[in-house]
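What follows is a single structure, written as structure tokens, with notes after it.
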Amino acid sequence: MSDEKQFEMMGIDGKQYGPLTESELKAYVSQGRANSETKIRRVGDESWQPLGNLLRIAAPKVVSQPQQLEVAVPGDTPLEVGLALSEGWQLFKEHAGMLVGAGAIFLGILSAAGLIGAVIPAAQLLVQGPLMGGLILMILKLSREGHAEVGDVFLGFQNYGWLLLVTVVQGAVIFAASIPGLIMLIIGAVMMTQESGEMGVGLMVGGGILMFVLMIPAVTLTNFALYLVADRRGTFGEAFSVGYKGTIKNLWAALGLMFVISLALILGVIPCGLGLIVSIPWSFAVMVKAYEQMFPLPKDQSA
0 MSDEKQFEMM GIDGKQYGPL TESELKAYVS QGRANSETKI RRVGDESWQP
50 LGNLLRIAAP KVVSQPQQLE VAVPGDTPLE VGLALSEGWQ LFKEHAGMLV
100 GAGAIFLGIL SAAGLIGAVI PAAQLLVQGP LMGGLILMIL KLSREGHAEV
150 GDVFLGFQNY GWLLLVTVVQ GAVIFAASIP GLIMLIIGAV MMTQESGEMG
200 VGLMVGGGIL MFVLMIPAVT LTNFALYLVA DRRGTFGEAF SVGYKGTIKN
250 LWAALGLMFV ISLALILGVI PCGLGLIVSI PWSFAVMVKA YEQMFPLPKD
300 QSA
């Protein structure tokens, strides 16, 4: 039996883990699964202490290169939409100040990039994927570790190329899905300039509805690829494949969740777009909780 001291650790989920050796705790720190503020105690002791105080270990606040995790595998437990909504709301409430601040940064940069787009075409597209990836990583840190920094919203730029590519591919899929509705809109617009004005209006309304109906499944089926790439749960191709398979296994629940998220984002636009500062980080918090249900970390990678 090992002579190393044995410790117990309090996880972010409120559960106790252990016994763990000092070597195992140091490994947790290096993997980003524990930090200097994580509560631990020696086996047999009553009081909890910060890991950094007891073992003189300090975890860096920012990891220069996030750890590459194992390829994700869709979980066997069905997605519970109600649970994702409630846990996402709870996570948002607990860190509302930070998440609203991150949402403001996110929207501010995207808005600025949109203005720059008048000079540099596709400027918004160049930053959208990495910013979304950074917001996902920040919320994953809050969910898994209980702490993060507003600056973590820029972590996605460490994986810039793949996150940009995910956004481009997802955009292409969504555009392809919207083509039938777009054709109806164009035909309706042409007819409105002629004598068949009423029919043109009907076609435009129908085209808009058709676009929305077709875009929701396209967004849903490609949505979690972004989360998997940001979380480094496999290669680009594996992320799309696993994300698609996991969504198909939970198709109706995923569609329902995406519909709720879409309505919330639409409502967020109404008050001059200011509601998006809240609805965007809230929607990401909900999706992170759904992601954790659908693609759980292996037990040896979660604490």
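Reading the sequence shown from the start, the letters are residues 0 to 302 in numbering that gives the first Met the number 0. Beta carbons: idealized from backbone N, C-alpha and C, even for Gly.
Closest residue to residue i among the options (Cα-Cα distance)
i: A217; options: I247, G43, L227; result: I247
i: I173; options: K25, G43, T221, S85; result: T221
i: L166; options: G74, V126, L213; result: Just to set this straight, residue 166 is Thr in the shown sequence, not Leu. Selected option, being the one with the closest Cα: V126.
i: E45; options: P77, F6, V28; result: F6
i: V70; options: R232, S278, L275; result: R232
i: A147; options: F223, E86, E93; result: E93
i: F239; options: Y226, N249, W251; result: Y226
i: I104; options: I276, K288, A284, S282; result: I276
i: G272; options: L24, Q15, L106, A26; result: L106
i: A224; options: L209, F211, G242, G196; result: G242
i: L209; options: A229, M203, G180; result: G180
i: L82; options: L296, V42, I39, A252; result: A252
i: Q15; options: K38, M183, N249; result: K38
i: V303; options: V72, Q48, L124; result: The chain is shown only over 0 to 302; residue 303 falls outside these bounds and no answer can be derived.
i: G17; options: N34, E36, G199, G43; result: G43
i: G150; options: A101, S85, G255; result: A101
i: D230; options: G199, N158, I119, V99; result: N158
i: N249; options: T219, G145, A95; result: T219
i: T234; options: L50, I108, V72, S85; result: V72
i: I316; options: L202, V152, S35, L84; result: Nothing about residue 316 can be reported from this structure: the residues present for the chain run from 0 to 302 only.
i: E144; options: E36, A112, G206, V200; result: E36
i: E86; options: N34, S142, M97, L98; result: S142
Any non-hydrogen atom of the ligand MN closer than 6 Å to residue i Cβ
i: T234; result: Within the structure as shown, the ligand MN is missing, as the structure has no ligands at all.
DSSP-derived helix/strand/coil call for residue i
i: L78; result: coil
i: Q15; result: strand
i: A57; result: No answer about A57 holds up, because its pLDDT of 46 lies below 50 and its placement is not dependable.
i: P297; result: coil
i: Q64; result: Confidence in Q64 is poor, its pLDDT being 46 and thus under 50, which makes the residue's placement too unreliable to answer from.
i: K38; result: strand
i: E45; result: coil
i: E21; result: helix
i: Q292; result: helix
i: E7; result: strand
i: V72; result: coil
i: A101; result: helix
i: A122; result: helix
i: L273; result: coil
i: A26; result: helix
i: A117; result: coil
i: A33; result: coil
i: V287; result: helix
i: L109; result: helix
i: S282; result: helix
i: P129; result: helix
Anticipated Cβ contact below 8 Å, residue i with residue j, distance rounded
i: P303; j: L162; result: Given that the chain is displayed from residue 0 to residue 302, the structure contains no residue 303 and the question cannot be resolved.
i: I215; j: F156; result: Between F156 and I215 the Cβ distance is about 29 Å, and since that is not below 8 Å, they are no contact.
i: L213; j: A176; result: 5 Å
i: V287; j: G132; result: With 8 Å as the limit, V287 and G132 do not qualify as a contact, their Cβ atoms being about 12 Å apart.
i: I115; j: A122; result: 4 Å
i: K4; j: E21; result: 6 Å
i: V80; j: L256; result: 5 Å
i: R41; j: W47; result: Actually they do not touch by this definition, with Cβ atoms about 10 Å apart.
i: S184; j: G207; result: Here the sequence assigns Leu to residue 184, which means Ser is not the residue at that position. With 8 Å as the limit, L184 and G207 qualify as a contact, their Cβ atoms being about 7 Å apart.
Original post:
Curious, which full-length beta strand (DSSP E) runs of at least 3 residues does the region 210 to 255 contain?
Top reply: none
**OP:** Would you check if the region 188 to 196 and the region 125 to 143 touch, i.e. whether three or more CB-CB distances between them fall below 8 Å?
**Re:** no
**OP:** Can you check the region 140 to 219 for any beta strand (DSSP E) of at least 3 residues that lies completely inside it and give the ranges in chain order?
**Re:** none
Subject >> Inter-stretch contact at 8 Å, needing at least 3 Cβ pairs: the region 72 to 86 / the region 287 to 294 >> reply: A contact exists between the region 72 to 86 and the region 287 to 294.
Original post:
So does the region 250 to 267 actually touch the region 280 to 290, counting three or more Cβ pairs closer than 8 Å?
Top reply: With a cut-off of 8 Å, the region 280 to 290 and the region 250 to 267 count as touching, because enough Cβ pairs lie within range.
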